[in-house]
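Numbering (this note's numbering), first residue to last: 12 to 529.
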């Protein structure tokens, strides 16, 4: 079997000859090959599938045609049957807000993700809405790994709640190196408390990549909950990242920056993003393909997940499915509408707020109006109202100068036409703005009760406690004199329920309170 095949005529000597060494190596190689233990370089490429979810707040479908955890479970089963090396990844925002989370604090969503077989998740800004103690309880219930490189326990320098700063997962011989990032604005927009620290994501991501690649060559995957611009900056700064599985935006989005693919699935499981990778054991990606899979009524409901959904739904039915009144007009609560323009539902909510606390003006952030649908004309139930206003907000009454009011409204239109949760729905005033002018100088006309605003005059303003404490960047509201504080103000959702019940019928219109001019 050696290179010298002539017969040996002398007695064999007990020493290894060069030819004998080669024989031994060849025999061992043959034996190892027969056992399937070949060199890493000789392995065929591995095939891995990632399924992405983000900003998913509800168990049930968005409507009859779209979404639903029971349909998603069927989709996931099909993908797993086709691609056994499948990884389920969640990019944040599930514990809140929703009508069910108001009562169950996200318990129902963790139960669903556990049943689905989620592998990893990162924190969204709304994971902290009920405080750190509730999030810790939900993490203890989770049968999947939480990832965070930048959300830390203050003073300890370790990821919050036992999350992992970095994480390796192997599928079909391919090692994936994952880390999570959450937008630092969460410290001010949610309720994490003083003992949770949000570090700068880009620096935290750089450190995580260094740890993930020390002595290894994984396929790098960032699981993030931050705006697309921040994801693009991450991809430019760390070009070795192959995938950014992102959240926070509520529309399906995709970008390619260099060799990095960034995807966002949208909101409430209307789509699931599928990414297929073909990669070598040393982390080289040979092929990558992605697509947005619609979750439609054509997908049968998985029986186990449907039973879970029905069980949680039954717990709320008696309380929520009680009619409180009706609307003669469809109520436009689509995310795009309430975050970029005047909406009839925004007018209704703001008018009710202003009437309830007898103020000159009402300001309601579009990000506080949820449900992302047009509520049809007809009966309105407590469920409809709680779906629209799922946060535990109360009304606050302030006294503001005209100058501070103007600053707040400039803030409202500063990002237009970009969708922002800080876009204000209003009552008691009208404004016109020019989006071609620089931010901070866009308002060209502002009147209160038909009279031009006086910068020196003091106005009474009702808003919600989130905005009153400076949420969405409204620091100028924190400077207002408090007339009715959060500890005394009525619940916002119940205020709307009571107003509709008293009126019996509502028919709000778009009236020209907010107009864009050029």
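Cβ atoms here follow ideal geometry from the backbone N, Cα and C, with glycine treated the same way. Since this is a predicted model, take the numbers as computed values, not measurements.
Rounded to the nearest whole angstrom, the CA to CA distance from residue 139 to residue 202 is 5 Å. Bridge pairing for residue 375: 436 [DSSP]. Taking one beta carbon from each stretch, the stretch 122–131 and the stretch 279–287 have fewer than 3 pairs nearer than 8 Å; the two do not touch. A contact is defined here as three or more CB-CB pairs under 8 Å, and the stretch 425–433 fails this definition with respect to the stretch 395–406. Comparing alpha carbon positions, the residue from 169, 426, 211 and 216 closest to residue 188 is 216.
For residue 296, the beta-bridge partners assigned by DSSP are 290.
With at least 16 other beta carbons inside 10 angstroms of its own, residue 275 counts as buried. Only residues of its own chain outside the window of five on either side were considered, and among them 244, 245 and 248 have a CB closer than 7 Å to the CB of residue 213, listed in chain order. If you look at residue 73, you'll find it isn't in any alpha helix (DSSP H); DSSP assigns it neither H nor E.
Leaving aside the five residues that flank residue 54 on each side, the residues in its chain whose CB is nearer than 7 Å to its CB run, in chain order, 184 and 292. As for any alpha helix (DSSP H) of minimum length 4 sitting wholly inside the stretch 372–429, the runs are 393–399 and 413–424, ordered along the chain. The Cβ-Cβ distance between residue 77 and residue 281 falls below 7 Å. Here residue 357 has 349 and 436 as same chain residues with Cβ atoms under 6 Å from its own Cβ, once five neighbours each way along the sequence are excluded. Under DSSP, residue 475 forms a beta bridge with 406. Shown here, residue 485 sits in coil according to DSSP, grouped into three states, outside any helix or strand.
Close CB contacts of residue 299 within its chain, under the 6 Å cut and outside five residues either way in sequence, are with 288 (chain order). In the three-state DSSP reduction, residue 249 falls in the coil class, being neither helix nor strand. With contacts defined as CB atoms closer than 7 Å, residue 507 and residue 363 qualify as a contacting pair.
Residue range 80–93 is occupied by the alpha helix (DSSP H) that includes residue 93. Checking the DSSP bridge columns, you'll see residue 527 partnered with 444. Taking a C-beta distance under 7 Å as the contact criterion, residue 97 and residue 313 do not qualify as a contact pair.
A distance below 6 Å between beta-carbons, with the five flanking residues on each side excluded, links residue 262 to the following residues of its chain, in chain order: 277.
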